[in-house]
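S.K.: Provided herewith is a single structure, encoded as structure tokens, for subsequent inquiry.
4 protein chains.
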Amino acid sequence: MDKRKICVVVTARPSYSRIKTALRAIQNHPQLELQLVIAASALLDRYGSAVDYIKQDGFSIAAKVFNVLEGENLTAAAKTTGIGILELSTVFDNLNPDIVVTVADRFETMATAISASYMNIPLAHVQGGEVTGNIDEKVRHAITKLADYHFVASESALERVIKLGEKPDVVFNTGCPSIDLAAEIEGISGLDFDPFQKYGGVGSKPDLANGYWVVMQHPVTTEIGSSRIQIEATLKAAYERDEPILWFWPNVDAGADGTSTGIRAFRENHNLKKFHFFKNMQPTDFLKLLSNSKGLIGNSSVGIRECAYLGVPVVNIGSRQNSRDRGKNVIDVDYDPAAISAAMKEHSKNSRTPRSFVYGGGDAGIKMANLLAELPLKFSKTITY
Amino acid sequence: MDKRKICVVVTARPSYSRIKTALRAIQNHPQLELQLVIAASALLDRYGSAVDYIKQDGFSIAAKVFNVLEGENLTAAAKTTGIGILELSTVFDNLNPDIVVTVADRFETMATAISASYMNIPLAHVQGGEVTGNIDEKVRHAITKLADYHFVASESALERVIKLGEKPDVVFNTGCPSIDLAAEIEGISGLDFDPFQKYGGVGSKPDLANGYWVVMQHPVTTEIGSSRIQIEATLKAAYERDEPILWFWPNVDAGADGTSTGIRAFRENHNLKKFHFFKNMQPTDFLKLLSNSKGLIGNSSVGIRECAYLGVPVVNIGSRQNSRDRGKNVIDVDYDPAAISAAMKEHSKNSRTPRSFVYGGGDAGIKMANLLAELPLKFSKTITY
Amino acid sequence: MDKRKICVVVTARPSYSRIKTALRAIQNHPQLELQLVIAASALLDRYGSAVDYIKQDGFSIAAKVFNVLEGENLTAAAKTTGIGILELSTVFDNLNPDIVVTVADRFETMATAISASYMNIPLAHVQGGEVTGNIDEKVRHAITKLADYHFVASESALERVIKLGEKPDVVFNTGCPSIDLAAEIEGISGLDFDPFQKYGGVGSKPDLANGYWVVMQHPVTTEIGSSRIQIEATLKAAYERDEPILWFWPNVDAGADGTSTGIRAFRENHNLKKFHFFKNMQPTDFLKLLSNSKGLIGNSSVGIRECAYLGVPVVNIGSRQNSRDRGKNVIDVDYDPAAISAAMKEHSKNSRTPRSFVYGGGDAGIKMANLLAELPLKFSKTITY
Amino acid sequence: MDKRKICVVVTARPSYSRIKTALRAIQNHPQLELQLVIAASALLDRYGSAVDYIKQDGFSIAAKVFNVLEGENLTAAAKTTGIGILELSTVFDNLNPDIVVTVADRFETMATAISASYMNIPLAHVQGGEVTGNIDEKVRHAITKLADYHFVASESALERVIKLGEKPDVVFNTGCPSIDLAAEIEGISGLDFDPFQKYGGVGSKPDLANGYWVVMQHPVTTEIGSSRIQIEATLKAAYERDEPILWFWPNVDAGADGTSTGIRAFRENHNLKKFHFFKNMQPTDFLKLLSNSKGLIGNSSVGIRECAYLGVPVVNIGSRQNSRDRGKNVIDVDYDPAAISAAMKEHSKNSRTPRSFVYGGGDAGIKMANLLAELPLKFSKTITY
């Protein structure tokens, strides 16, 4: 019997790390053939091209699609999606996959969803059913309505997808594949690599022996006018704490200019003796870094997911992760230096927080591969009410 | 105070006729400025360009966008949508509207929805919440999840949109603006124009004095392999009835090649003494034609909507209008010449069927204009559950 | 040593037939690997998709690109080219060819030329240096200025390319590969297939035993307003001659709507007892058809090239082939029924005209493959004056 | 009589400054209406958006088109051009200009040329006929072959355009409009603004009273692998001279990443006490800055043009301006710190170099406007040989 061709489209470095164990499970499955398409910011150097990591991880790339329109504004985000549809349609027409998989809810993932659903290719959506409160919110649920199968990451997500009118027999709580990676590094204690040496970056090289914080804060697309003010609150709180800070540059979203400008201006005007800035890091190393840190500050979904599983303290800032299920490892605060400082202080009382398995138990990738091998190939559906 | 700029994007001739009374109400509203954008098949001659009608109706066009990719296959439908996004984003960036309005659920309307929602322009969706069962079904509900306001056409649609997680205070049952046009011609009795003279077309010119049938049947995008067989059932039934048939060419959807080829081949092989083929007709004239006919045959939504209001008998064939609310004027049949014939015979017993107001009472356009003038301008939302 | 990857982009069925022997020679060359990309109207059914022929001929297709924007107007032609660039760039990025080959001067071939030259991939242009007098004229010489190598079809073309500032050592008179095909069928006498049975088409099936004419007339892109009047002159002359006419539908150029409408209207209004209409034909069969005909009527370049080699009489109508080198087989006339009739009559005096080798001797494909294997790989150049 | 609509497409800030006096002359001409379209990098903040300057200068913008694809590689350059065609075609279709004007030879100007020429809109090309030696060289001459009128900047350019087969009666030596601006600031002595205060930027703020050098060096698109090494030679020479350096960031061309990275790394590793970095400057201020400087270093065409007129010393590095006509103000050197230093030393002997009028006398804009008002509107041409 011919293998089923499973085309997974990865459009951002973080999405790659999130889906990586599923890619491996698809590649290893005897009845599946992986067609990996890399597009959008996952190809761009200034956001940390995912291509080298992907090759190191032993995957081959079926097609690359450059489609990020410059501008870092909302018009550019829309046009990036339009170009994505135009080109992914050609890619799908040439690769002829049996199922297309799209990951999460970044704006440009809509291109994958539209191309596949319009071309009558069964579409599986990973990580639907969650709730946030900005453009991702619109994108995520719209993709749910275009998708034929739903691989969700939590029980509340499963319930929400069914409420959206999807038949229960096409919705599966696989857990989140990002937890699979966290499970892999679980037993390792201590940092087994030197982050400055391995990943370069700019800024001072503080001594990490007595602990450090990790910062990752992205612009919020519905609040782009405020992205500079928002990042400045975090910079101020982190600067005043006077402990080592390992800071990661933001995603290429609308508003990233404000965030980047805020960081650059702060660097010009302050002597940041304990700050180091990274562009990106291999997912596994990033998890090790978090696992050994005093905590994560910002608004990354990693704080909600992997850090829950690992028990890493998180200061979650602002609205970006609003309404997502979270464990006891998270303190939510506003864009307020004092509140951020207070949360860091509170977390400093304990080195670890309780673990939580709300996003799965570490076998999401394998569950997905098995579903992709077994699900009927269909692309027509009707709302359940 | 500045007028609110309301940008309405029309992508197909039938959508124009459906939204026309709303356009007029917007144009006449003292607090609104209409920005009318014409795109996709609405610009193409072979589907009956809407441009001339639009100008005759007294509207000026703010921008035209050619974006239909040739191929009449599913890849082309996806790419048409991608090009639409790319270009409508530029159009919106230059027109700078306060609200964008998108109509119904044709595949390419997704381009309007994505450009507006990604650019943080409040999006109003006309005619959400209905149920069909093919690609339109996916598109319609996905647009609901992208839209900020919903102007639905029936009570059941209103309930469905709310179930989809939309807040009740952004969902309005305005009725369908297509009914407004039907209300306008309601009092007129008899045909006040000669369809052959006014609209040309090809084929014989049967005497219409003793009654005639109207046929309008589009390909079903999830059944494109069958579009030729499907049209042949209708051709056969219509041919055998031996009464005058006024036949309208189908939309430019995937599968239209099959439908067109089927019609052409049937014409080559049969002596169609009572068939006349039209490319298109002005909406008002088309309603008059229906109002005076023995009935409508095919799968057009006109049969479900305007014909319900007018009490015109309808033979609705196949799955395209599945699950849409309908009045007592409709007999549903499969792609089966015998079943189609039987339904025609049944309808012939009565000249009119009972009227039904399930799709509104003829004031939808005015209701929409008033809402567009008063609604708060917002573009951020969260699912209600 | 790795084989050189030669990417040939074919955008129309006639271009495929023109370049076919070169494709075969590339495929057979021990140092070359063929990457065949099929795009634009070469993929469209209504212009006779080249895909099936290509597979029958034993070539595999590396990528397909649908990029014809509907409209059959000039805006659509420009946009088709833009989409072509967008997508061919992705194709080249993924195929990574050593040399790209673009054929002739249709508007959309500019997409191939721009993508390759902008991406620093050496570009070989087949059939530059000729003269016509419409948009092709602009396109052809612009591509010459973008190309690194020139495989021209005649001595006068070679001289013209050098005058355009190209270094003589990158310009080669290979002859035209279309002549290679003509050389292959040269010895065959009589039609060895039934065109009606093998190619279908519509219209009557006249007896071909006592001779027939072939018509192929395309719209002229700079005279699109006149395309209907132009085709009517030919229809009238052909109709009045009362001999069998085998008519081929035109290319998908701006103006094709006028041409097609003219043909359809003429068919409605005349009883065409001796006309048969074909969508397309395999190149070899088409050459056999010409070789056995009374002559070719219209404005196809086949009349100038292959018919010269074969000695087939040609009535060349209008400006489309203006200034191209021609043999003694051609009588040039205006869009005038009387002049067309007179030329047909004149040609009828002799069954064959003298042969001419102005476009090469039948080994163009092999010459090109050898050049592609040996030329230095460079993509930078400076004008010679 | 209706005014002729003249659509000028500006795709980069430097092109705006180059064409500005022509825009003003068109706007002021009684028989002309200016339609100004701003696209590509002219809209992007990180290259210094031209939009604010344009508005300050009293022009209104008819349409904006974001079309720069991110990647700063050659694939992105090609795709940027493709998107440009797609969207400019729509813009032209809606603006309906009588003549389109395209400026110079940046890769994306090809989009303007193709859209206009394919749509049968007469195309005027400013600054054809020059010689360089990289991708601009291909682009420039290809646009000449697409254009209907040629407004060239020097006698040698005029001769070259005619040799390219253009009829002499459509080629005009207007001089370069950039010289018009230089003529305007000619009488002003001394800097009448504080560049640090007015334009911000980063780096030290050296005392400019005793002289300073200006650096502007762009990547060379056919040598992108070397862009970092090339910029380092200039950085080294400028650093060692120990005089104030006012450095301008490069264009958004392929290779700009290498140039930018080289500059950033040099800043990290050297204490640049006399370097200041600007993103951009208003054209008039930039000319004043040059006029008062010790000289210009790099590969900008400003060194060849405006500096010739003004008599400013220039150290021209590398191949980018190869073969362009130049005055006695230029010393050409390779990417070699020693050679650059030596040229700076040589130039320091004299404060000014002799002036040269090879690029015109300061009335190019007015000449162009007059031609645009009077030239016949035609779009068909044939090569002269």
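Those sequence lines, one after another, are chains A, B, C and D. The first sequence runs 100 to 484 under our numbering. The second sequence runs 100 to 484 under our numbering. The third sequence runs 100 to 484 under our numbering. The fourth sequence runs 100 to 484 under our numbering. Backbone N, C-alpha and C define an ideal beta-carbon position, used for all residues, glycine too.
Leaving out five residues on either side along the sequence, give the residues of the same chain with a beta carbon under 6 Å from the beta carbon of R425/D.
M.R.: Hits under 6 Å: I403.
S.K.: Measuring only the C-alpha atoms, how far is L133/D from T208/C?
M.R.: Looking at the two C-alpha atoms, the distance is approximately 32 Å.
S.K.: Check whether the stretch 443-460 of chain A and the stretch 394-413 of chain A touch, using three or more Cβ-Cβ pairs below 8 Å as the test.
M.R.: Output reads yes: the stretch 394-413 of chain A touches the stretch 443-460 of chain A.
S.K.: Pick out whichever of A175/A, V202/A, S440/A and N166/A has its Cα sitting closest to the Cα of L187/A.
M.R.: Closest option to L187/A, Cα to Cα, is N166/A.
S.K.: Where in the stretch 129-213 of chain C do unbroken runs of the beta strand (DSSP E), each at least 3 residues long, occur, reported from the N-terminal end onward?
M.R.: Runs of the beta strand (DSSP E) inside the stretch 129-213 of chain C: 131-138, 160-164 and 198-202.
S.K.: Using a C-beta to C-beta distance shorter than 9 Å, which residues of chain B count as neighbours of E367/C?
M.R.: V301, listed in chain order.
S.K.: Taking Cβ positions, are S116/C and L280/C nearer each other than 8 Å?
M.R.: Yes, the Cβ-Cβ distance between S116/C and L280/C is below 8 Å.
S.K.: So with CB distances below 9 Å, who are the chain B contacts of D356/C?
M.R.: The contacting residues are D144 and R145.
S.K.: Please return the same chain residues whose Cβ sits closer than 6 Å to the Cβ of I469/D, not counting the five positions on each side in sequence.
M.R.: In the sequence as presented, Ile is not what sits at residue 469/D; that position holds Asn. Taken in chain order, the list of residues that qualify is empty.
S.K.: From the beta carbon of T180/B, is the nearest beta carbon of chain A less than 8 Å away?
M.R.: By this cut-off, T180/B is an interface position.
S.K.: First and last residue of the beta strand (DSSP E) that includes D431/B?
M.R.: From DSSP, the beta strand (DSSP E) with D431/B extends over V429 to V432.
S.K.: Taking 8 Å as the CB-CB limit, is K266/B close to chain A?
M.R.: By this cut-off, K266/B is not an interface position.
S.K.: Please identify the residue among S214/A, I323/A and G170/A whose C-alpha is closest to the C-alpha of V107/A.
M.R.: Cα-wise, what sits closest to V107/A is S214/A.
S.K.: Kindly provide the ranges of any beta strand (DSSP E) runs that are 3 or more residues long and lie completely inside the stretch 291-337 of chain C, ordered along the chain.
M.R.: As far as the stretch 291-337 of chain C is concerned, its whole beta strand (DSSP E) runs of at least 3 residues are 312-315.
S.K.: So, helix, strand or coil for A223/C, using DSSP?
M.R.: Of the three classes helix, strand and coil, the one that applies to A223/C here is strand, per DSSP.
S.K.: Quick test of your reading: R123/C and G461/C, contact by CB under 8 Å. State the CB separation rounded to the nearest angstrom.
M.R.: Not confirmed; about 13 Å, so no contact.
S.K.: Starting from the C-beta of P267/C, find all residues in its chain whose C-beta is less than 7 Å away, skip the five residues before and the five after it, and write them out in chain order.
M.R.: If we look at P267/C and ignore the five residues flanking it on each side, its Cβ neighbours are I261.
S.K.: Write down every uninterrupted run of the alpha helix (DSSP H) in the stretch 387-424 of chain A whose length is 4 residues or greater and which is fully enclosed by it, in chain order.
M.R.: Counting only runs of 4 or more, we get 400-403 and 405-409.
S.K.: Who are the neighbours of R103/B on chain A, taking C-beta pairs under 7 Å?
M.R.: Result: empty, since nearest Cβ-Cβ is about 20 Å, beyond 7 Å.
S.K.: Just the Cα atoms here: how many angstroms apart are V202/C and I234/A?
M.R.: The straight-line gap from Cα to Cα measures roughly 46 Å.
S.K.: To the nearest angstrom, report how far apart S109/B and K154/B are at their CA atoms.
M.R.: Checking the displayed sequence, the identity of residue 109/B turns out to be Val instead of Ser. The straight-line gap from Cα to Cα measures roughly 14 Å.
S.K.: Strictly below 8 Å CB to CB, what residues from chain C border G361/B?
M.R.: Neighbours of G361/B on chain C: none; closest Cβ ~14 Å, over 8 Å.
S.K.: When the Cα atoms are used, what is the spatial distance from A332/A to V313/A?
M.R.: Going from the Cα of A332/A to the Cα of V313/A covers about 15 Å.
S.K.: L280/C by DSSP, collapsed to three states: which one?
M.R.: It is helical.
S.K.: Spell out whether any CB of chain D is found under 8 Å from the CB atom of V167/B.
M.R.: V167/B does not count as touching chain D.
S.K.: In terms of residues, what are the limits of the beta strand (DSSP E) holding F374/A?
M.R.: Looking at the DSSP string, the run of the beta strand (DSSP E) that includes F374/A is F374 to F377.
S.K.: Counting C-beta neighbours from all protein chains within 10 Å, is the total for T483/B 16 or more, i.e. buried, or is it exposed?
M.R.: Result: exposed.
S.K.: So that I know if they touch, is there some Cβ in chain D lying closer than 8 Å to that of H485/C?
M.R.: The structure shown does not extend to residue 485/C, since chain C is modelled only from 100 to 484, so the question has no answer here.
S.K.: Check the C-beta distance from V251/C over to Q226/C and give it rounded, since I have them as a contact under 8 Å.
M.R.: Going by Cβ atoms, the distance from V251/C to Q226/C rounds to 7 Å, so yes, they are a contact pair.
S.K.: Any beta carbon of chain B sitting closer than 8 Å to that of R425/A?
M.R.: For R425/A, the answer is no, since every Cβ of chain B falls outside 8 Å of its Cβ.
S.K.: Among L143/D, S325/D, S447/D and V319/D, whose alpha-carbon lies nearest the alpha-carbon of Y217/C?
M.R.: Checked all of L143/D, S325/D, S447/D and V319/D; the closest Cα to Y217/C is V319/D.
S.K.: Rounded to whole angstroms, what's the CA-CA distance from D101/A to A223/A? Just pull it up for me.
M.R.: Straight-line Cα distance between these residues: approximately 20 Å.
S.K.: According to DSSP, is Y217/C helix, strand or coil?
M.R.: In the structure shown, Y217/C sits in a helix (DSSP, three-state: H, G or I).
S.K.: Please compile the residues from chain B whose C-beta is within a distance smaller than 9 Å of the C-beta of R259/A.
M.R.: Per Cβ cutoff of 9 Å: G264, I482 and Y484.
S.K.: Take the Cβ of S420/D as the centre, count every other Cβ of all protein chains shown within 10 Å, and call the residue buried at 16 or more, exposed below.
M.R.: According to the sequence provided, residue 420/D is Gln. The question's Ser does not apply to it. Buried is the call here.
S.K.: Taking the alpha carbon of D293/B as the reference point, which residue from D384/B, H128/B and T179/B has its own alpha carbon closest?
M.R.: That would be D384/B, whose Cα lies nearest to the Cα of D293/B.
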